[in-house]
Every structure is written in structure tokens, then in C-alpha cells.
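Worksheet: one structure, shown below.
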Amino acid sequence: MSTEEKLDQILLERENLRKELEALKKQEEERKQRKKEKERRKREKEEEKERRKREKEKEELRKKQEELKIQEEELKKQEEELKKQEEEKLKKQEEEKLEKKQEEELKKEEEEMKKPQNTYKSGANLRYASIPVTSGCL
Numbered sequence: 001m002s003t004e005e006k007l008d009q010i011l012l013e014r015e016n017l018r019k020e021l022e023a024l025k026k027q028e029e030e031r032k033q034r035k036k037e038k039e040r041r042k043r044e045k046e047e048e049k050e051r052r053k054r055e056k057e058k059e060e061l062r063k064k065q066e067e068l069k070i071q072e073e074e075l076k077k078q079e080e081e082l083k084k085q086e087e088e089k090l091k092k093q094e095e096e097k098l099e100k101k102q103e104e105e106l107k108k109e110e111e112e113m114k115k116p117q118n119t120y121k122s123g124a125n126l127r128y129a130s131i132p133v134t135s136g137c138l
């Protein structure tokens with residue numbers, strides 16, 4: 001082989017190595033791209049999963065708040081009903097006290113009516129206070 005042929009062969013090998021290196025670089029770049037794409041999809045999937053989880057938690061929280069609101073309204077109704085009952089009870093007790101008082105006053109009046117009446121109860125006529133008056137003059 002002549003020097004020219006050897007030089008041509010070296011140049012050919014060099015060109016082949018350069019092409020091979022470019023192909024390897026291209027493959028490496030494609031591999032990196034695929035890896036990036038895979039990571040991106042994985043990240044998107046995780047983000048979607050987190051988003052769904054947050055939405056679910058948000059919905060559960062909303063439902064709990066609704067339930068609490070309903071319970072609060074029911075408690076208010078019960079409280080109002082209890083207040084009403086308490087007011088009615090107090091009113092009834094007051095009426096019973098008033099009735100009792102009126103009955104006692106009526107009994108006292110009846111007892112007073114049954115007792116003999118003394119007409120002299122002033123200080124000047126105390127000596128006659130114990131003597132019941134039977135006629136119009138002394």
C-alpha cells in the first residue's frame with residue numbers, strides 16, 4: 001500500500017469514526033430526551049394524583065361543613081323549643097302561684113267572715129274591743 005492509499009484509508013476510518021461518534025451522540029441525546037419525557041409524564045401523573053386528592057379532600061370538607069351546618073340548625077331549633085318549653089313552664093308556675101295566692105286570700109277572707117266582727121278597735125275604745133256588739137247602742 002502506498003502512502004496515498006494509507007492516507008485515504010486513515011481519512012476514511014476517521015470519517016467513519018466521526019459518523020459513528022455523531023450517531024452515538026445522537027443516540028445519547030435521544031435517550032436523554034426519552035428519559036426527560038418519561039420523567040415529565042411521571043411528574044404530570046403525580047401532579048394529577050395530588051390534584052384529585054386535594055379535590056377529594058375539598059369535597060369531603062365541604063360535605064362535613066354542610067353536615068355541621070345542618071346539625072347547627074337542628075341544635076338551634078332544639079334550643080328554641082327548649083326555651084319555649086321553659087317559658088311555658090315558668091308561665092304555668094307563675095299562674096299556679098297566682099292561683100294559690102288567690103285561693104289563700106279567698107280562704108283568709110272566708111275565715112275573716114266566719115269570725116265575729118268587733119266594731120271597736122281604735123285605741124280609745126280598747127276596753128270594748130273584746131265585747132262583741134249585739135245591738136246598735138252601748
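Under full-length UniProt numbering, the first residue of the sequence shown carries the number 1, and numbering increases by one thereafter. Glycine residues also receive a C-beta, built at the ideal position from the N, C-alpha and C atoms.
| Asked | Found |
| --- | --- |
| Please report the straight-line C-alpha distance between T3 and E13, rounded to a whole angstrom. | 15 Å |
| Does the beta carbon of A23 sit closer than 7 Å to a beta carbon anywhere in chain D? | You won't find chain D in this structure, because it holds only one protein chain. |
| Do you know offhand how far E112's Cα is from Q93's? | 28 Å |
| Which runs of the alpha helix (DSSP H), 4 residues or longer, sit entirely within the UniProt region "Disordered" (23-138)? | none |
| Rounded to whole angstroms, what's the CA-CA distance from K6 to Q33? Just pull it up for me. | 40 Å |
| Alpha carbon to alpha carbon, how far is E74 from Q85? | 16 Å |
| Which value, in whole angstroms, describes the spacing of the CA atoms of E20 and K38? | 27 Å |
| From E99 to K76, what does the alpha carbon distance come to, in whole angstroms? | 34 Å |
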